[in-house]
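Data block below; observations after.
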Amino acid sequence: MRVSPLTGRQHDPVFQSLPAATVLIDTDLVIRAATPTYLGVTGRRAEEVVDVGLFAAFPEDPESEEPGAAAFLAEQLEEAMRRRSGQRVIPLRYDIPDSRRPGRYLERSWLLTPSPVHDDGTTYGVSMRVQDVSPDGTRLAAALDSYADLLAEVGRSADVAEALRALVGMVEDHESLNREVGNLRRAMSSRPVIEQAKGMLMAENRCDADAAFALLAKLSQDHHVPVADVAAAIVYQASHRA
Numbered sequence: 001m002r003v004s005p006l007t008g009r010q011h012d013p014v015f016q017s018l019p020a021a022t023v024l025i026d027t028d029l030v031i032r033a034a035t036p037t038y039l040g041v042t043g044r045r046a047e048e049v050v051d052v053g054l055f056a057a058f059p060e061d062p063e064s065e066e067p068g069a070a071a072f073l074a075e076q077l078e079e080a081m082r083r084r085s086g087q088r089v090i091p092l093r094y095d096i097p098d099s100r101r102p103g104r105y106l107e108r109s110w111l112l113t114p115s116p117v118h119d120d121g122t123t124y125g126v127s128m129r130v131q132d133v134s135p136d137g138t139r140l141a142a143a144l145d146s147y148a149d150l151l152a153e154v155g156r157s158a159d160v161a162e163a164l165r166a167l168v169g170m171v172e173d174h175e176s177l178n179r180e181v182g183n184l185r186r187a188m189s190s191r192p193v194i195e196q197a198k199g200m201l202m203a204e205n206r207c208d209a210d211a212a213f214a215l216l217a218k219l220s221q222d223h224h225v226p227v228a229d230v231a232a233a234i235v236y237q238a239s240h241r242a
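For the sequence shown, full-length UniProt numbering begins at 1 and goes up steadily by one.
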């Protein structure tokens, strides 16, 4: 593997002091540095990710309900490098391996903001800010389940561990209901955002409303995210370009 100009940035105190969860990825899609906040939201240690390929450190769940997320993310990172300037907010469902339970994955939803890293006309990779927007119940269920496993490992009461696992089931059922309610709520409240995004696409592409919505639908299908989320990302980007 060739030496990247980003190698060694893991020990840069300025980079490490960044408050946002940020990761540096070179043109070979190898992670070269990660802030403590990034390590915290992904549940990893620096030695597990730094100088490791992005998709080796975070392989895609082979049983994912939304396959193709890794290929989509790779395309977005490569597009960010080609763009050489500016930012895009990318909503993405990408489950990550559970470090406590090999072979299992944690459900995660993210907002990713990659920015190209270049100097004197040469692009070296991307700096990507990461925001975990996963449902709170999903994280709580994972934490409770891990705690139940820990109790069992140290020989604590099996009844306590089983009670915790029962609670996990309740949390997961509740979270599933919350997702259904949330989907309905978004469907009712997202129409203004969708209309706003359609207007922007109509002005940018000089097309009618039907063609603009067709473009939204295609982006939704290609990127594996709901139409409302695509519309929100378009509006968000426009507001930050203004």
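Glycine included, every Cβ here is placed at the ideal spot set by N, Cα and C.
- Checking the DSSP bridge columns, you'll see residue 52 partnered with 31.
- Counting of Cβ neighbours within 10 angstroms places residue 103 among the exposed residues, the total staying below 16.
- Residue pairing for residue 96: DSSP places it in a beta bridge opposite 106.
- Contact between residue 130 and residue 106 is ruled out by a C-beta separation of about 14 Å, above the 8 Å threshold.
- Residue pairing of residue 36 in beta bridges, as defined by DSSP: absent, with no partner found.
- By the neighbour-count criterion, in which 16 or more other beta carbons inside 10 Å mark a residue as buried, residue 55 falls on the exposed side.
- It is roughly 35 Å from the alpha-carbon of residue 204 to the alpha-carbon of residue 18.
- Around residue 46, the same chain offers 10, 34 and 39 as residues with beta carbons nearer than 8 Å, after the five sequence neighbours per side are excluded.
- By the neighbour-count criterion, in which a residue is buried when 16 or more other Cβ atoms sit within 10 angstroms of its Cβ, residue 206 is exposed.
- Annotation: residue 97 to residue 62 spans about 11 Å, alpha carbon to alpha carbon.
- In this structure, the beta-carbon distance from residue 193 to residue 217 does not fall below 8 Å.
- Residue 52 and residue 108 have their C-alpha atoms some 21 Å from each other.
- Between residue 83 and residue 66 the beta-carbon gap is near 25 Å, outside 8 Å, which marks them as no contact.
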